[in-house]
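Asker: Chains as they are written, first to last, in my numbering: chain A, 1 to 297; chain B, 298 to 963.
Idealized CB from N, CA, C, for every residue including glycine.
Predicted, not measured: the structure shown is a model, and the values here were computed from it.
I have a structure here, written as C-alpha cells, and I will follow up with some questions on it.
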C-alpha cells in the first residue's frame, strides 16, 4: 500500500455518472450477505416467491393465514431473498500492459475502478486482483460506498511489473477465490503460450466471465519505419523487421485474425468478449462503451 | 547492334573496382543497424514475419532495397567507365554547311519505302537528324540550291531555328546547278563566331589557317554537272545521295509548235518523250489547246529510249498548247509540257545600203518577205530627220547597215556589214586576207541551221566585241563575225563586206558566200532572229527560274502577269522590254498591258538531266581537283551513352537518398 495519497482514479463527475448504473449479471448467484440482488435463496424481501408446507420450527410469522382459512392447512409463504453479488476484477499487470498513451494498464485500472464503484454503490462484494498474486494471498474485499477510497488506493498501488503468464495468473485466481459471480478479466491477451488455457479455467468455474481485451493504438496501427529490432518487454525476445507496406498489411491481417479468434473462442464458450482501445476516454468508456457491452445498465 | 566497349581504366584498376561490390554487400550486412524498439509483445510481429517468410525471395529483395540500389548505382558507374558506344549519325566536326537540293528532280516520289513522300522530304529529315546530332557549340548553315543557291539560314548554333528554316525549304521546279551554292558556301564558310540569326554576315576574305575546316554536306540526287573551278579550300565536302537507282520516269523533254516546211500556213506540234526506265512504257499523250482536248495518241517508249510525236494542228493560229502524258511515274512535273503559238507578226526591217545585189536578192525572197517587211534606203537616208525620229522611237525591229554608219545607235537590233557600230564598245582590228573560218558558234540561234566554211572571203577585218559578246565566226587570227547585246537589243557585226572595189576602182565580190545555199538561209535566220517581233524569251525554251523578256511593250503602262498558279503580279514597264523573273512554275503565263491583247509565254522543265531520276551510286562528283563520291568521307562519331549512364546513376542515387530519408514503403 502506498503511503502518499494517489491521484483519484475516478473524478467526482464520473462518480456521479456511475452512481446511476448497476452491474448486470447474466446469471443469478448466491451471495454471502444481504444485498440488493435477487438470490436463488428464499428470504425476506417483499417479493413473493412460493408456498411450502409448514413444518414445526418454521417462523409462524410467514404462515399464510388466508390459505389456512380456506384449506385448513398451514402453508408457509416464501419470499425472494435479495443478496449481494460477487464482483471480481482481474487485472493483467504484466509489463506489456505498460504501453500506449494512456497506457493499457491505466485504462484497465480506470475500467476496474469504474466497475468496482458501481458494485460498491449497489452493495456488492467487490474484489480487485491481479494475475500476479499468489494463490494464497487473496486481495482485499470492498463493500459499500465507503470503501471507495480504499479501493482506489488499492488500485493505485498496483504497478504493471508482474511477470506471470496469463494461464498461471488465472489458475492462481481460481485457487484463491471459490465464490461465483461476475469476473471481468482485463488483459491484452498477448501471451505467447496462448490465452485459451487461461479462459478455460474461468469457464470451468461457471462464473459470468467478461473478457475486455485492451490494445493500445500503437499495437492496432503501428507507425514503424525503417529497419527495426523489436524487443519484447516481457521475455526480451526480439524480432528484426524491415518495415514495408506488405509487412504492415500483413501485421494488420494477423492482428485482425488474432482478435477474431479470441472473440470467437469467447463467444462459443459463453464468455462476453469486448475489445477496447487504451486511448478511449473514461466518460465514453462508461457511458457508452460499457453499457453497449452489456456489462452495466 | 551491340555496343562497342572501350574501357577507360587499365586492368589493375578494374581489379580494385571489382572488390567494391563484395565490400558493399559485406558492409551492408555488417553495418545494418536496426533501431531497437521495445514493444508490448513480439507475438503478432513474429507471426506476421513467419507468414511473409513463407513466400519470399521478393520480400528479401524488398528488405534489401537500399543495398540493391547501391549495387545498381555501382553497376551504372562501371558501365559508364566501360564507355559503350554505338555507331551514330552524328558527324565529326564542329562547323557544318548543309546544302539541300530542292530542284525539280527532288520532287521525285521514289523514296516512299524510306517513309518520305518526296526526295526533298527525305533530305530534310536527314538534315534534321544531323542537326539533332549537333553538339553544343557546333554551328551550322543551311543553303538550298537548284539552278542557283539561296542561304536559307545563316550560320547559327540555334538548332530550333535551323530546323524551323529547314522545314521552310520548298521544292522548286528548277534545274540543278551546284556551282552557285558552292560559291555561297565557300564565301560564307569562314569566320568562327556564329552570327546572330538574320544578321548579314561578312565572309572573311582570307580563311584563318588554324580554323577547323567546315564540313560541307550536300544532300542531293546528283543530277548536276561537275564544278571544275571549285576549290574545296577550307571545306570538307561530303555527299549524301538521296533517291533510288530504280526510280522510273517518263518525261516530255521537248515540245514546240512549228510550221510545216512544205505547208507554211499550217502548224504542227512536235514533242519528244523520253523513257528513263528499263521497262517499255506505253503512255497516252493528250494534247489540249487552251484547256480543250484536241488530240491524243498512244505512244510506246522502248526501254531507255525516246520517241518523237507530231500532232498536226490545222487551222490553228494562236493559243496555248498543253501536252500531258498519262503515266504513273516517280516525277510528275515533266509529264506536262506547254507551248504557246504566237500570233504571226511581221517584223519591220530597214536595209541601208549603197547598193548590194546579193543582199537585195536575198531580202526579196518569199520566205524573207513572210518574216519581215523590208524597207530599202541609201546611206544618205541616215542623215535625215525622219530616220532619226524613227530610229529613236524604235520603229524598226532590225536595221541592216551595209558599209555605212549612223551617228548614233538606233533603238533597234542592228546588223553591220563591213562596219562597226559607232559606239566605243566595238573595236576593229587589223584586216586579214583570205581568212579561214576555223570555228563557228553552232549553238547561237543565228547559226543553228547554217553550214558555213564552204565559201571564201577575200579580205576581212578582225573584230573585238564588247563584254558579253559572242564570236560567231572565228578565223585563225580572230573573230570576223560577232554578236553582242546592247540594252535589250542585239548587235551583230560582220567583219567583211560583200561588195568591194579592186585597185582599179571596179566593183568586185569580196566573198562567194551569196553563191552558197547557206546564205539565203542565213538571211532568213537573221530576219527571224533579229528582225521579227518574236523575242528570244518568247521563241526559245524558257526554263523555270529564268527571266522572260517580252519586247514591244508600251513604256509607262503597268503590265499584269498571271502565273499558271493563278497569282497576278503587277510590273511597271519602264522601257520597251519587260523582264519577268517570277517564272518559278512550269505552265503558261499570261501578260496583259492595259487594254491590249493578252500575250502568253510558256515555261517548261525540258531537262533530261532532271527527268533522269535514277540515281547512280557509283557516280563521282568532281569539284576542282577532288573527286568525291556519295558516302565517301562519311565519318560519323560513335555515340556514347557515357553521360546518360552517369545521369542515370545520379538519379538512382537520388532515389536511394529519398528512400533512405523518407523510409518509403515499397
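Please confirm whether residue 955 of chain B has its beta-carbon closer than 7 Å to some beta-carbon of chain A.
Answerer: No, residue 955 of chain B does not count as interfacial toward chain A.
Asker: Just the C-alpha distance for residue 196 of chain A and residue 16 of chain A, rounded to the nearest angstrom, thanks.
Answerer: About 37 Å.
Asker: In whole angstroms, give me the CA-to-CA distance for residue 718 of chain B and residue 578 of chain B.
Answerer: Looking at the two C-alpha atoms, the distance is approximately 55 Å.
Asker: Name the chain A residues whose beta carbon is nearer than 8 Å to that of residue 339 of chain B?
Answerer: Those are 230, 231, 232, 237, 238 and 239, listed as they occur along chain A.
Asker: Just to confirm my understanding: we take residue 727 of chain B, look at its own chain, exclude 5 residues before and 5 after, and list those with CB closer than 7 Å. What are they?
Answerer: Counting only Cβ-Cβ distances below 7 Å, and skipping sequence neighbours, we find 759.
Asker: With distance defined between alpha-carbon atoms, name the residue in A:229, A:79, A:244 and A:273 nearest to residue 330 of chain B.
Answerer: The candidate whose alpha carbon is nearest that of residue 330 of chain B is A:229.
Asker: What did DSSP end up calling residue 635 of chain B once you bin it into helix, strand or coil?
Answerer: In this structure, residue 635 of chain B counts as strand in the three-state DSSP scheme.
Asker: Within the continuous beta strand (DSSP E) that includes residue 667 of chain B, where are the two ends?
Answerer: From DSSP, residue 667 of chain B is part of no beta strand (DSSP E) but of the alpha helix (DSSP H) over 663-668.
Asker: Can you look up residue 496 of chain B in the DSSP assignment and give me helix, strand or coil?
Answerer: Low confidence applies here, because residue 496 of chain B scores a pLDDT of 38, under 50, leaving its location unreliable; read the following figure in that light. DSSP places residue 496 of chain B in coil when its eight states are reduced to three.
Asker: As a quick exercise: from B:809, B:755, B:732 and B:810, pick the residue whose alpha carbon is nearest that of residue 773 of chain B.
Answerer: If we check each option's Cα against that of residue 773 of chain B, B:732 comes out closest.
Asker: Could you check the C-alpha separation between residue 173 of chain A and residue 131 of chain A for me, to the nearest Å?
Answerer: One C-alpha to the other measures close to 7 Å.
Asker: State the start and end residues of the unbroken beta strand (DSSP E) segment that holds residue 782 of chain B.
Answerer: Residue 782 of chain B -> beta strand (DSSP E) spans 776-783.
Asker: Applying a beta-carbon distance threshold of less than 7 Å, which residues of chain B neighbour residue 187 of chain A?
Answerer: Chain B residues near residue 187 of chain A: none, gap ~11 Å exceeds 7 Å.
Asker: Among residues of its own chain, excluding the 5 on either side of residue 311 of chain B, which ones have a beta-carbon nearer than 8 Å to its beta-carbon?
Answerer: So the list reads 304, once near-sequence residues are dropped.
Asker: Under three-state DSSP, which class holds residue 86 of chain A?
Answerer: Of the three classes helix, strand and coil, the one that applies to residue 86 of chain A here is strand, per DSSP.
Asker: On the CB-based measure, 16 or more other CB atoms within 10 Å of its CB, does residue 946 of chain B come out buried or exposed?
Answerer: Label assigned to residue 946 of chain B: buried.
Asker: Examine the Cβ distances between the region 251-263 of chain A and the region 115-131 of chain A and report whether three or more of them are shorter than 8 Å.
Answerer: Contact between the region 251-263 of chain A and the region 115-131 of chain A is absent, because fewer than three Cβ pairs lie under 8 Å.
Asker: Is residue 255 of chain A close to chain B? Criterion is C-beta to C-beta, closer than 7 Å.
Answerer: By this cut-off, residue 255 of chain A is an interface position.
Asker: Using the Cα positions of residue 418 of chain B and residue 763 of chain B, report the straight-line distance between them to the nearest angstrom.
Answerer: The alpha-carbon atoms of residue 418 of chain B and residue 763 of chain B are separated by roughly 46 Å.
Asker: Should residue 260 of chain A go down as buried or exposed, given a rule of 16 or more other Cβ atoms within 10 Å for buried?
Answerer: The residue in question, residue 260 of chain A, is exposed, as its Cβ has fewer than 16 Cβ neighbours within 10 Å.
Asker: Distance check for residue 608 of chain B and residue 815 of chain B, CA to CA, integer angstroms please.
Answerer: Roughly 29 Å separates the two Cα atoms.
Asker: Considering only DSSP beta bridges, list what residue 333 of chain B is partnered with.
Answerer: Residue 333 of chain B is bridged to A:229.
Asker: Apart from the five residues on each side of it in sequence, which residues of its chain come closer than 6 Å, Cβ to Cβ, to residue 887 of chain B?
Answerer: Contacts found: 859, 895 and 897.
Asker: Which of the three DSSP states is assigned to residue 713 of chain B in this structure?
Answerer: Here residue 713 of chain B sits in strand by DSSP.
Asker: Enumerated in chain order, which unbroken segments of the beta strand (DSSP E) with a length of 3 residues or greater are wholly contained in the region 200-279 of chain A?
Answerer: The qualifying runs are 208-215, 227-232, 238-242 and 272-277.
Asker: What are the boundary residues of the alpha helix (DSSP H) that residue 170 of chain A is part of?
Answerer: It spans 166-176 - the alpha helix (DSSP H) in which residue 170 of chain A sits, taken as one unbroken run.
Asker: Under 8 Å between beta-carbons, which chain B residues line up against residue 190 of chain A? List them in chain order, please.
Answerer: Chain B residues near residue 190 of chain A: 337, 338, 340 and 341.
Asker: Spell out whether any CB of chain A is found under 7 Å from the CB atom of residue 367 of chain B.
Answerer: So no, residue 367 of chain B is outside the interface.
Asker: Applying the criterion that 16 or more other CB atoms from any shown protein chain within 10 Å of the CB defines a buried residue, is residue 101 of chain A buried or exposed?
Answerer: When all chains shown are included, residue 101 of chain A counts as exposed.
Asker: I need the straight-line Cα distance from residue 22 of chain A to residue 296 of chain A, nearest angstrom please.
Answerer: Those two C-alpha atoms are separated by around 5 Å.
Asker: Kindly indicate which residue of A:75, A:58 and A:226 has the alpha-carbon position closest to the one of residue 243 of chain A.
Answerer: It is A:226.
Asker: So residue 66 of chain A is in the alpha helix (DSSP H); what residue range does that whole segment cover?
Answerer: First-last of the alpha helix (DSSP H) with residue 66 of chain A: 65-71.
Asker: Between the region 392-403 of chain B and the region 422-442 of chain B, do three or more beta carbon pairs fall short of 8 Å?
Answerer: Yes, since at least three Cβ pairs between the region 392-403 of chain B and the region 422-442 of chain B fall closer than 8 Å, the two stretches touch.
Asker: Could you work out which residue in B:344, B:621 and B:339 is closest to residue 566 of chain B when comparing CA atoms only?
Answerer: Per the Cα distances, B:621.
Asker: Taking CB distances under 7 Å as the criterion, tell me whether residue 134 of chain A reaches chain B.
Answerer: Not an interface residue.
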